[in-house]
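Below: the structure, in structure tokens.
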Amino acid sequence: MDKTETKFGRGLLGAVAAAVVAAPLAVATPAIAQDYPSADETLDWTIAFGPGGGNDIMARSIIEILNKYDLYPGEISAENRAGGSGAVGWGYLYAQDGNGYGISTTSGSFVTTPLQADTPWQPEDFTPVALLATDDLVLVVNGESDIQNIDQFIANAKENPITIGGTGSVNVDFIVPTLFAKRAGFEFDYVSFNSMSEQTTALLSNALDAMVGNPGEILGLIDSGDLRPMVFSGTSTPAALEGVPTMGDIGYDIGVSMPRGLILPPNAPEEAQTFWIETMKKVVETPEWDEYISSNTLTPTVLYGDEFRTFLGNTKNGFETVLREVGAIE
Amino acid sequence: MDIFSDLMMGLSIAISPINLFYLLIGAIVGMIVGVIPGFGPSAGLAILLPVTFGMDPIGAIMMLAAIYYGAMYGGTITSILLNTPGESATVASTFDGFPLAKKGRAGPALVMQAAASFVGGTVGVILITILAPLFAQVSRSFGPPEYFLLAVMGMLTLLVMIGTNWKFGVISALIGFALGTVGVDLETGQGRYTFGSAELIGGIYFIPIAIGLFGLGELFYAFYTGLHKTGTGGIVQYDKEERFWPSIEDWVSTRFTMVRGSILGFVVGVIPGAGATIASLMAYSTERSISKNGDNFGNGEMAGLVAPETANNAASSGAMIPLLTLGIPGSASTAVLLAAFLLWGLRPGPLFMEQNPELAWGLIASMYLGNMVLLVISIFAIPLFVQMIKVPYRVLGPSVVVVCALGTFSVHASFIETYLMFAAGMVGFFMRLYGFSPAALVLALVLGPLAEEALRQTMTISRGSFGIFIERTPSLSIICVTIALVVLLPLLNRFGNTSAGESEKAGS
Amino acid sequence: MRRVFLVVLLAGVIYYTYVAFADLNFLTRTGRPGPGFFPRVIGISAIFIILWALIDELRKGADEQEKANPEAWQDVVMLMALAIGYAVLLRMFGGFVATVIFLGVTLMVLNRTQPLKNFALAILIPGGVYLLFDRVLNANMPPALYDLPI
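Chains as they are written, first to last, in full-length UniProt numbering: chain A, 1 to 330; chain B, 1 to 508; chain C, 1 to 150.
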């Protein structure tokens, strides 16, 4: 505990320090390795964002499946520890070094927040359980546009430089079109917005040429023909976007997406990691999980254990390289 | 009468006992959430969202929507009684609401705000009912150039807020702009004044600043003037003889204010991202520049309370338009509603109302009922709240500190924001003492980032050319309206005795 | 005192401007306004106008009589100190305990004549807030850094 305090007690601000220092007090003796999971231990599930967000919905969906199929013997207590774009919640988990009864779900900020702020943790520090799905993006143009498909889109973009909108800049919304443009050989100006709604109206008002976004949030506008999908960044196109090619299909695979996975504190007991890997293998087989994937238009992408850690490392490095190139981070 | 039959169909759904029950629950929770400073509708919605998972979507969406617009009713109560905005859209209601309470008119002020909220909310729903498709066109014509012009238009209202000493007013606004630049730069992702803190990535949220400047600042000032020593008295020596109900004159003098506030609020609410806060601030300053008693604004003028109150409620109705007709959430609160739609497997978008008429029209019909329910709850709750100002200030004061601190913390669970609130409280006291303008600071903090981001987006899109502002029809229209307002308003004021009816035309 | 306030503001604004010049780019790589563009504009205008206001104040000179009222200041400073203490307590002991202590102490100082009422309020208000936030609304309350053995 002393070590934790001296390491993080100083220089860190606000709740990060609170979570980091408070956690060891709350955590009992390290779990006894043999009989994991013990039914007496409450599983402390950290949701690093507020209720209603993507991370929250994912965590609660998994917990519901765990409870329904009796996959975890003890109590599960889910707690929203929001703040600092995830820094607070994951900082809390990070402080439970060696504990097998802390757990959390990840999202895009798990990779981007450490790039933007001095968090004590990096994504690879945690004990990886599984990557379960990825958030991928669809590139769309205004439905009134003359551009009908991605070939015309690229051809047009090579002729006249275009603008593409997205949410935020240290973000997959920026990375995906940047890498795609590089592969496809066109240039564009990225316009960064605060929210999906502002960028969507900007596109509808013809201020932008195109934008990227999570398909789930704009399906309604795609259905009505107000927006026209061009290309999808995931490995396979979700059912709702049938007929839209993926970037891989047209030969410009970029291999970047936002990880939605499950992590344990750093150095969690091996038994705990194995248990959760086995459990998640069961979870992803349930119809409820399929329902979750399709209603949130995620791409099911499953990787277990160290493969997930490698994936996180690659994603982070990929982001860092692109962001450093454009000067977003130093 | 297609609309009429749709509405009747919606009403028949909304009026079922179980749905009415959910509506009532939503309205009450909305009031409570609104009353707690800092804890606004979006936080309340997000927290109660999980409760609705097992419910029937229509009942659930009616309840959630009621929380959303109910918070606008509750939010003003502390603005009037404690000078502490209950949530962001009721900051403007402190400007004249609190002076009214200090004059001993807390009762009439609270009744008038409830009435104004009702009028704003109801006009808003009527406009949704009959003109939704038209306004859908408005909300989809807003790109970065239009947002920039809107922010500039909003900044013109700073001129009204600046107060007697213009240098101090400008300093206040510049501090607000400076605070607005904190956070990760939207365009480049470069950190500005974040000093490595994860909590400052998103910038300085203006609610802790507003609660501190107005609520705590006022409290410190009251202690400076020795209010806590005056025997048993509270904020005012509440006189039992004082009327609880507003006078006839209150109603008559604000009847056009309500119309103007409703329309302005609704139009601003329709624009995604502008929202109730900007609507209420713009309505306040528009009213101030139109009114014959403009100089008396800030000293307890009823129109100064009614204008922002009708506007924020009308705006919260207006924000339903992009949500229902385009599937685009116009505010943090409607974003949570959108998340709820998605959770139930609905697909919000232009086809939403056509594909889910029961849900859409049930929701619209429930908003008529909800506003009535909220009016009734307010009227019953007001006598209870009025008791608050009879509490001796030396007891009330410490409780206000507690409510401000815990309310601020509850929003983002952030200690930094809580400390900012305390710091803003002290700065607010000195600003008040030395004649600076906390209102200008808050307005600049709201509009500054909007203007900067929109301008830089515009410059990227136009590749550095300002011509884009006149090439796009929507932005050209905004420029024309702004010029018309700037030219016409002083002219109208010069004629002095302009009747309210004529200035009404110019205002809307 | 107003001069002191202006000097404090000036110091803050000078630091703000310094950071704007030292750390933030004036233009982006494409030659458009960058992250440091507006901070520099805001910072320099603020320095200029605060200096102007300060000179005005100094010109007014001796004839400006501040309403020196030591007794009024005493109470404000005390309340501010108590509020800062509360902020620290919140951090250490969490929302509930800190509020009990803050209300207990503050009411004792301000409302000496009714100790029983003060005691009741110091328990009831935090209790009510706790019930409303934690139990009814499931809202965030400041967590404790150190648990008190109660």
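For every residue, glycine included, the Cβ atom is placed at its ideal position computed from N, Cα and C.
Tell me, to the nearest whole angstrom, how far the beta carbon of residue i is from that of residue j; I am working on the premise that it is less than 8 angstroms.
i, j, result
"A:T299", "A:T235", "6 angstroms"
"C:P126", "B:F409", "Contact flag wrong, Cβ pair sits at about 13 angstroms."
"B:I364", "B:V125", "6 angstroms"
"A:L264", "A:V129", "6 angstroms"
"B:S280", "B:A303", "Actually they do not touch by this definition, with Cβ atoms about 13 angstroms apart."
"B:P108", "B:S247", "7 angstroms"
"B:A198", "A:A48", "So it is not a contact: roughly 11 angstroms between Cβ atoms."
"A:D223", "B:G349", "6 angstroms"
"A:V284", "A:L179", "Rounded, the Cβ-Cβ distance is 28 angstroms, inconsistent with contact."
"B:F220", "B:F429", "4 angstroms"
"B:M367", "B:I211", "At roughly 28 angstroms, the Cβ-Cβ gap does not stay under 8 angstroms, so B:M367 and B:I211 are not in contact."
"B:L264", "B:A283", "5 angstroms"
"C:L121", "C:L107", "6 angstroms"
"B:G202", "B:G183", "6 angstroms"
"B:P37", "B:G215", "6 angstroms"
Under a three-way DSSP split, which group does residue i fall into?
i, result
"A:P114", "helix"
"B:T181", "coil"
"A:Y304", "strand"
"A:M230", "strand"
"A:N314", "helix"
"B:T498", "A caution first: B:T498 carries a pLDDT of 42, below 50, which makes its placement in the model too unreliable to give a value."
"C:A139", "coil"
"B:L127", "helix"
"A:M247", "coil"
"B:V160", "helix"
"A:V256", "coil"
"residue 152 of chain C", "The requested residue 152 of chain C does not occur in the structure, where chain C is confined to residues 1 to 150."
"B:G176", "helix"
"A:T235", "coil"
"C:T99", "helix"
"C:T113", "coil"
"residue 334 of chain A", "Given that chain A is displayed from residue 1 to residue 330, the structure contains no residue 334 of chain A and the question cannot be resolved."
"B:F118", "helix"
"B:N165", "coil"
"B:S16", "coil"
"A:P273", "The question names Pro, yet the displayed sequence has Gln at residue 273 of chain A. Here A:Q273 sits in helix by DSSP."
"A:D35", "coil"
"B:K103", "coil"
"B:R472", "coil"
What residues match up with residue i in a beta bridge as DSSP calls it?
i, result
"A:D44", "A:S77 and A:G102"
"A:I263", "A:S104 and A:P128"
"B:S477", "Answer is none; B:S477 lacks a bridge partner."
"A:S192", "A:G166"
"A:N142", "A:L227"
"A:D135", "A:M258"
"A:V212", "A:L139"
"C:R59", "BP columns for C:R59 are empty, so no partner."
"B:R192", "B:G183"
"A:T321", "According to DSSP, A:T321 bridges with nothing at all."
Are there any heavy atoms of the ligand NAD lying less than 7 angstroms away from the beta-carbon of residue i, as far as the coordinates show?
i, result
"A:A133", "Within the structure as shown, the ligand NAD is missing, as the structure has no ligands at all."
Practice item. Jot down the residue ranges of each uninterrupted alpha helix (DSSP H) in the region 28 to 95 of chain B, minimum 4 residues, whole runs only, in chain order. Key: As far as the region 28 to 95 of chain B is concerned, its whole alpha helix (DSSP H) runs of at least 4 residues are 41 to 48 and 57 to 82.
Check your understanding: Using a Cβ cut-off of 9 angstroms, which residues of the region 175 to 197 of chain A contact any Cβ in chain B, in chain order?
Key -> Listed by position, the residues of the region 175 to 197 of chain A near chain B (Cβ gap below 9 angstroms) are D189, Y190, V191, S192, F193, N194, S195, M196 and S197.
Check your understanding: Just by C-beta distance, which residues in the region 178 to 189 of chain B are closer than 8 angstroms to chain C?
Key -> If the cut-off is 8 angstroms between Cβ atoms, the region 178 to 189 of chain B has A178, T181, D185, E187 and T188 near chain C.
Practice item. Name, going along the chain, the residues of the region 396 to 408 of chain B whose beta-carbon falls closer than 8 angstroms to a beta-carbon of chain C. Key: Against chain C - using a Cβ distance shorter than 8 angstroms - the residues of the region 396 to 408 of chain B are G397, P398, S399, V401, V402, V403, A405 and L406.
Check your understanding: Name the residues in the region 159 to 171 of chain B whose C-beta lies less than 7 angstroms from a C-beta of chain C; which are they?
Key -> Those would be K167, F168, V170 and I171, in chain order.
Check your understanding: Listed in chain order, which residues of the region 302 to 317 of chain B have Cβ atoms closer than 7 angstroms to some Cβ of chain A?
Key -> Nothing from the region 302 to 317 of chain B brings a Cβ to less than 7 angstroms from some Cβ of chain A.
Practice item. Check distances from the C-beta atoms of the region 148 to 159 of chain B to those of chain C and list, in chain order, the residues that come in under 7 angstroms. Key: Listed by position, the residues of the region 148 to 159 of chain B near chain C (Cβ gap below 7 angstroms) amount to none.
Practice item. Within the region 201 to 231 of chain B, note down every full alpha helix (DSSP H) run reaching 4 residues or more, in order along the chain. Key: For the region 201 to 231 of chain B, whole alpha helix (DSSP H) runs of length 4 or above, ordered along the chain, are 206 to 210 and 217 to 224.
Point to revise | 4 or more residues per run - each alpha helix (DSSP H) lying fully within the region 403 to 469 of chain B | key: DSSP runs (the alpha helix (DSSP H)) wholly in the region 403 to 469 of chain B: 415 to 433 and 438 to 462.
**Study point:** Whole alpha helix (DSSP H) elements within the region 283 to 360 of chain B, 4-residue minimum
**Key:** Look at the region 283 to 360 of chain B and you find these whole runs of alpha helix (DSSP H), each 4 residues long or longer: 302 to 318, 320 to 326, 332 to 343 and 352 to 355.
Check your understanding: If you measure beta-carbon to beta-carbon, which residues of the region 197 to 221 of chain B are closer than 9 angstroms to chain A?
Key -> Listed by position, the residues of the region 197 to 221 of chain B near chain A (Cβ gap below 9 angstroms) are S197, A198, E199, L200, I201 and G202.
Point to revise | Chain-ordered residues of the region 439 to 461 of chain B with a beta carbon less than 7 angstroms from chain C | key: Taking 7 angstroms as the Cβ-Cβ cut-off against chain C, the residues of the region 439 to 461 of chain B that qualify are E452, R456, M459 and T460.
**Study point:** Residues in the region 116 to 139 of chain A having any Cβ partner in chain B nearer than 8 angstroms
**Key:** Taking 8 angstroms as the upper bound on Cβ-Cβ separation, chain B lies near residues Q116, A117, D118 and T119 of the region 116 to 139 of chain A.
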